[in-house]
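Written out below as structure tokens is the structure these notes cover.
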């Protein structure tokens, strides 16, 4: 594919700075793009790379225009502009159609004729696979599962009994949806399993990263609403409810019965304790630990960035006595007659 | 299934408050149960939902009886009572029997005639599969593996060479038991692999959650004792020994050669450094980091709950100098003649 | 296999203390080795077990010789010596050759005649599988994948389209290489997917643990250089670059576009935020959180080890006001006329 800046700017809703007839044919980073390629500038860390880029054109915001040594496409949100440009250059995936000879499909399953069931997959009784859906190699589809139109399971995804997926979903390899939640009750020192009678409902336009797990509900369903995007190795416990258009980065751990609002963004490796509610539009930075409900939108953080080991050892040793240190400050204030107003 | 409160109370060892002949036919949450359903009250967070529930009967402890607007089944441990009630209403799983046509079973493997080997599974030489055991779709069973009676591998579980599972186990999709432990020795800047010659022994009545990994021992076996319950995405390193009836929540990381006692409870996202011992009956709250052995039972915690981002930034900046702050307090005390006894 | 201490010492480059004609035939831990077995002493925690071992010979460093009640093989690096000794006693894996009857191999794939494709595996079009390579049971090999000579995929590994593996690699069950990176751009509250156009390049002699994920690059490739060793359940985001001979312990989360140097060691459960650079020879202790680039070699740490719950609750409550405590110290110093030089 080759495309002129004029055409490309139309796709992006961008303003062209440079020759609109210039042709580009691919995508590259600021550092590695070659002439003929489009790049983008969305993170100030890469300012120096912008100034020396060999790309033919850079997608950027107006305030970076003066730094750009080549043609530019000016947009409000350069990363979004890049997403759209990349989609133009992404090779179209030609999905095969039909049931592979090595797949097993229960005679009681209903697979749309435009769907694809890949090699070594298995589809159990009463499963329903929608139009143009992809059940990739090695996937395991349990009984009574529903997969909506245009949803793709890349490979080796497991959907347990009764799980329902919406349309246009994208599930990456190793995903497990609908395994039993962790429900155990103690009976004089021995754990008794709590049957997990609910299921999982994933709405439309949800993407779920590799090796992420979403447990089935204990009684009601675990729910992931429309447009939610989940990265790799995220754990979502039973009865969790995730609001529409929330994004969850990698390695996040969400305990059972948590209710997360709409349009939240949860940083990587964050953890959220059970039975909490998090309001709409909450932003958690990476490695945050949430132990109480958050009722107001805003940015929340915890965690402790690294220091040199020797300094950290001293500081953490003091932390173990922080309550005592605080009482010593109070005693000094009393002794000195200094008031502790918090100005 | 419909059952009277009289019958249900017999199963639970409960005292009935209300009409013992009332019939119930299902389970629901306090919030969503409909008439004819049983609910339970075990967490004070849901007190308001108890007061407005439409369930026909609620399993609860005596001290909550006055809040309950409907019939009640009074027990000492409501969550345990719920577990037992839910088991009554859980649909019985009718396990198929025999080897699926798409499965591969080595002629040298021994599969009991009452066991089930699902679609696309493979069972290697000298594996032994017990009575009524389930090897679900896509499972990979290595050579010399032993699976005890009534143990179920839901789907896509991998058991590496020589792993031994006890009876009545339940392993969820994506579990990997017996991959090599992380043994590497440095030889002038290059890592040399340490062969992992041990295996894994999982005793009876163990449940293991989706995508959890348990590595094989370097020399001796990694051991998970009877009745241990493990949630999703837990990592258990080589040579770990987990005592009977310990419960481990999701995303816990346990490094190699850790020895955990009996009846411990390990909160989600906790991490435990290598070569430690943790006594019986230790309770670690979520996100705890264990860096030294714990020799006495009790509740232990670490971690830092979130604050608003701006406040956290100020506090964490101060933490970087906490040792210095402590020395400044000492200097002030010396200056003022205030003693630092810790009353 | 039985071998004399004389022969064994030759393999290890060790000095024999004891009878060089003594025969040994296996490996054991200090605690459990039986006569006729070799053990090793590399961790001072096990000093008492050394003093009472029943092993016939112990691999150790010179400074531990006086504690050893039996014959000894003295080396500079006992753990490395053990690695080499264990390799002698590890049973040789006899890899089968050829394509299993239940595997599916695209007619457009190229599989070397000395390679092994296991049961229930699938190999897509234009994949190339090298000499003596192993694609174990249930593996999924995408289109255009390259697997180098002598690389082994134990079982149920997924390599997505276009991934390239070097020689002598070892990938454990559940590994996913080349799933889409987490690239999303916000368009007025709705997430737009950023196509992930790069791939993954894994160089020679890399080991990757169970259920670890390595995402494909957004534009360029994600790269793991030669000799890198990665434990279980590690997440490596798109466009990450990991330098040669770096070791990464279990459950580490590495966000996108991180660049890690050579010969680093990253402790378990550490997390690294996106777009950072970490210099060569950096050592991060377990559970470290890296939020800024690290430009100098050294040991870095963060995290908070557990305390008894009650004490932790008091300390963490004070932490929430640490900035205020620091200002109160300053006020006291001003009041008392004490200078805050940092001696």
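Chains as they are written, first to last, in my numbering: chain Y, -14 to 328; chain F, -14 to 328; chain G, -14 to 328. Every residue, glycine too, gets a C-beta built ideally from N, C-alpha and C.
Starting from the Cα of residue i, find the closest Cα among the options and give me that residue.
i	options	result
residue 58 of chain Y	Y:118, Y:45, Y:220, Y:70	Y:45
residue 73 of chain G	F:180, F:288, F:201	F:180
residue 48 of chain Y	Y:39, Y:276, Y:38, Y:63	Y:63
residue 97 of chain F	F:111, F:4, F:254, F:65	F:111
residue 194 of chain G	F:281, F:164, F:311, F:127	F:164
residue 167 of chain F	G:215, G:267, G:83, G:208	G:215
residue 225 of chain F	F:210, F:233, F:244	F:244
residue 53 of chain G	G:71, G:70, G:75, G:29	G:29
residue 258 of chain G	Y:9, Y:252, Y:138, Y:19	Y:252
residue 277 of chain F	G:268, G:289, G:281	G:289
residue 94 of chain Y	Y:115, Y:80, Y:75	Y:115
residue 347 of chain G	Y:81, Y:103, Y:76, Y:83	There is simply no residue 347 of chain G to check, as chain G begins at -14 and stops at 328 in what is shown.
residue 79 of chain G	G:-9, G:118, G:23, G:262	G:118
residue 99 of chain Y	Y:92, Y:91, Y:113, Y:105	Y:113
residue 25 of chain Y	G:131, G:170, G:236, G:269	G:170
residue 139 of chain Y	G:135, G:162, G:139, G:152	G:162
residue 303 of chain Y	F:298, F:314, F:299	F:314
residue 101 of chain F	F:134, F:319, F:36, F:12	F:134
residue 183 of chain G	G:206, G:68, G:172, G:199	G:206
residue 175 of chain Y	F:210, F:177, F:142, F:-14	F:210
Considering only DSSP beta bridges, list what residue i is partnered with.
i	result
residue 411 of chain G	This structure cannot settle anything about residue 411 of chain G, because the visible part of chain G is limited to -14 through 328.
residue 343 of chain G	Because residue 343 of chain G is not part of the residues shown, which for chain G are -14 to 328, the question remains open.
residue 143 of chain F	F:125, F:161
residue -6 of chain G	Answer by DSSP bridge pairing: none, since residue -6 of chain G is not bridged.
residue 262 of chain G	G:244
residue 208 of chain Y	Y:186, Y:226
residue 83 of chain Y	Y:101
residue 250 of chain Y	Y:232, Y:268
residue 96 of chain F	F:114
residue 19 of chain F	None, per the DSSP bridge assignment.
residue 131 of chain F	F:113, F:149
residue 107 of chain Y	Y:89, Y:125
residue 214 of chain F	F:192, F:232
Please check the pair residue i and residue j, which I expect to be a contact at CB under 8 Å, by giving their CB distance rounded to whole angstroms.
i	j	result
residue 218 of chain G	residue 197 of chain G	6 Å
residue 223 of chain F	residue 241 of chain F	5 Å
residue 127 of chain F	residue 144 of chain F	6 Å
residue 86 of chain F	residue 125 of chain Y	Incorrect: roughly 16 Å between the Cβ atoms, too far for contact.
residue 282 of chain G	residue 266 of chain G	4 Å
residue 19 of chain Y	residue 39 of chain Y	6 Å
residue 21 of chain Y	residue 41 of chain Y	6 Å
residue 330 of chain G	residue 212 of chain G	No information on residue 330 of chain G is available, as it lies outside the stretch -14 to 328 that chain G covers here.
residue 275 of chain G	residue 263 of chain G	7 Å
residue -3 of chain F	residue 60 of chain F	6 Å
residue 238 of chain G	residue 254 of chain Y	4 Å
residue 294 of chain Y	residue 270 of chain G	7 Å
residue 71 of chain F	residue 7 of chain F	That belief does not hold up - the Cβ atoms of residue 71 of chain F and residue 7 of chain F are roughly 18 Å apart, past 8 Å.
Considering residue i, what are the terminal residues of the beta strand (DSSP E) in which it resides?
i	result
residue 269 of chain F	267 to 269
residue 286 of chain Y	283 to 286
residue 0 of chain F	0 to 2
residue 273 of chain G	Looking at the DSSP string, residue 273 of chain G is not in any beta strand (DSSP E), and its letter there is neither H nor E.
residue 22 of chain Y	22 to 25
Could you check where the alpha helix (DSSP H) with residue i kicks off and where it finishes?
i	result
residue 203 of chain Y	Per DSSP, residue 203 of chain Y belongs to no alpha helix (DSSP H) and is neither H nor E.
residue 318 of chain F	307 to 321
- Message: Threshold first: 3 residues or longer. Then list the beta strand (DSSP E) segments lying entirely within the stretch 27 to 79 of chain F, N to C.
- Response: 42 to 45, 56 to 59
- Hey, which unbroken runs of the beta strand (DSSP E) at 3 residues or more fall wholly within the stretch 172 to 199 of chain Y? 175 to 178, 185 to 187
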